[in-house]
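Data first, discussion second: the structure below is written as structure tokens.
Residue numbers (my numbering): 23 to 360.
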């Protein structure tokens, strides 16, 4: 455990007005600071009503104070939480008083940093805190919560422990070749290593899924001009985001919409129709379209069902990056006579 030498403080609730505002303090100076601010050190882990006083003894606010002695706290240090009224002026006055008593303003993320340094969190759990706060869907919040509880870290630790054990067997077989027991001959080590590889692929898949839930999937609508891309964008967005006309080349810039489908955040990107053009504006739109395609997680290649899969569509398919997942979407089927 690596306890810090200084004491930090910060407002733990979002900026603005609210019913409750919280000041969090962590570090070795918490007991003395609490005695000066509250008149006495609160009982550990019990919420008590206290007056929060300034240097002249005047009451700044009255609220709840909670004291968590080290190491039984979020950071592993002495922690004091002051729960007062959530007005900006009250919070500013209370924080200023705490800083006056010897604490310093915490850097962004410093409480989590101290929790990590004091072995209260590992890196995956520390990242999960930010993911949980920033989650935009229920599924993303649940995935971050599971990671915060150590589920992902536990799977990685099992893999690590198994690899260390297998390494021990292999080193023993190499260092003691004359022993009667050969750990490698019966194939058990090989079978266990294969299971490790399989589990590693599952962990990688889980990590990729978590990344998509956190950051969202970039889904690019691509295709020839007037194939129906903008109509598809409007349907997915649930509103008329893009202009739809029978004129080819209506969309010349990149349009974006952010939606959710079954809890997955999706960044839908409508692009200019892909074709050769001498028009400088349209050429720039096509260039931007290909730039978006190269950065996409998946491409929806929109095909005009009236024309079917044309040579131009096949040329676009051939130009797509080899590892980029894509789906063919046939549009205008209500107009098609095929």
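Just so it is clear, CB atoms sit at the ideal spot from N, CA and C, and this is done for glycine as well.
Could you name the residues that DSSP lists as bridge partners for residue i?
i	result
residue 81	75
residue 127	31
residue 338	Bridge partners of residue 338: none, in fact.
residue 291	242 and 278
residue 66	89
Secondary structure at residue i, three-state DSSP: helix, strand or coil?
i	result
residue 151	helix
residue 55	helix
residue 282	strand
residue 156	helix
residue 103	strand
residue 87	strand
residue 119	helix
residue 163	helix
residue 110	helix
residue 196	helix
residue 190	helix
residue 245	strand
residue 181	helix
residue 343	coil
residue 305	helix
residue 175	helix
residue 169	helix
residue 143	coil
residue 316	helix
residue 60	helix
residue 297	coil
Just to confirm the assignment, what range does the beta strand (DSSP E) spanning residue i have?
i	result
residue 231	First-last for residue 231: 210 to 237, but that is the alpha helix (DSSP H), not the beta strand (DSSP E).
residue 325	320 to 326
residue 350	348 to 353
With residue i as the anchor, note down where its alpha helix (DSSP H) starts and where it stops.
i	result
residue 276	Residue 276 -> no alpha helix (DSSP H), and no H or E assigned at all.
residue 46	Careful: residue 46 lies outside any alpha helix (DSSP H), inside the beta strand (DSSP E) at 40 to 48.
residue 134	132 to 139
residue 254	251 to 259
Just mark residue i as buried or exposed, buried being the case when its beta carbon has 16 or more other beta carbons within 10 Å.
i	result
residue 16	Residue 16 cannot be examined here, being either before or after the span of the chain that is shown, 23 to 360.
residue 111	exposed
residue 90	buried
residue 336	exposed
residue 147	buried
residue 81	exposed
residue 341	exposed
residue 127	exposed
residue 280	exposed
residue 23	At residue 23 the pLDDT is 47, less than 50, meaning the model places this residue with poor confidence and gives no usable figure here.
residue 197	exposed
residue 257	exposed
residue 236	buried
residue 317	exposed
residue 103	buried
residue 136	buried
residue 308	buried
residue 326	buried
residue 30	buried
residue 97	buried
residue 343	exposed
residue 170	buried
residue 189	exposed
residue 287	buried
residue 347	exposed
residue 122	exposed
residue 255	buried
residue 46	buried
residue 95	buried
residue 83	buried
Please tell me whether residue i has its Cβ less than 7 Å away from any Cβ of chain B.
i	result
residue 178	Protein chains in the displayed structure number just one, and chain B is not present.
Between the segment 62 to 73 and the segment 38 to 51, are three or more C-beta pairs nearer than 8 Å? no
Taking one C-beta from the segment 210 to 227 and one from the segment 290 to 308 each time, how about it: are there three or more such pairs within less than 8 Å? No contact exists between the segment 210 to 227 and the segment 290 to 308.
Looking at C-beta atoms only, is the number of pairs between the segment 167 to 186 and the segment 210 to 219 that lie closer than 8 Å three or more? yes
Touching or not, the segment 55 to 65 and the segment 149 to 162, by the rule of three or more beta carbon pairs under 8 Å? no
Say whether the segment 304 to 321 touches the segment 236 to 255, bearing in mind that this needs 3 or more beta-carbon pairs closer than 8 Å, one atom from each stretch. They touch, by the three-pair rule.
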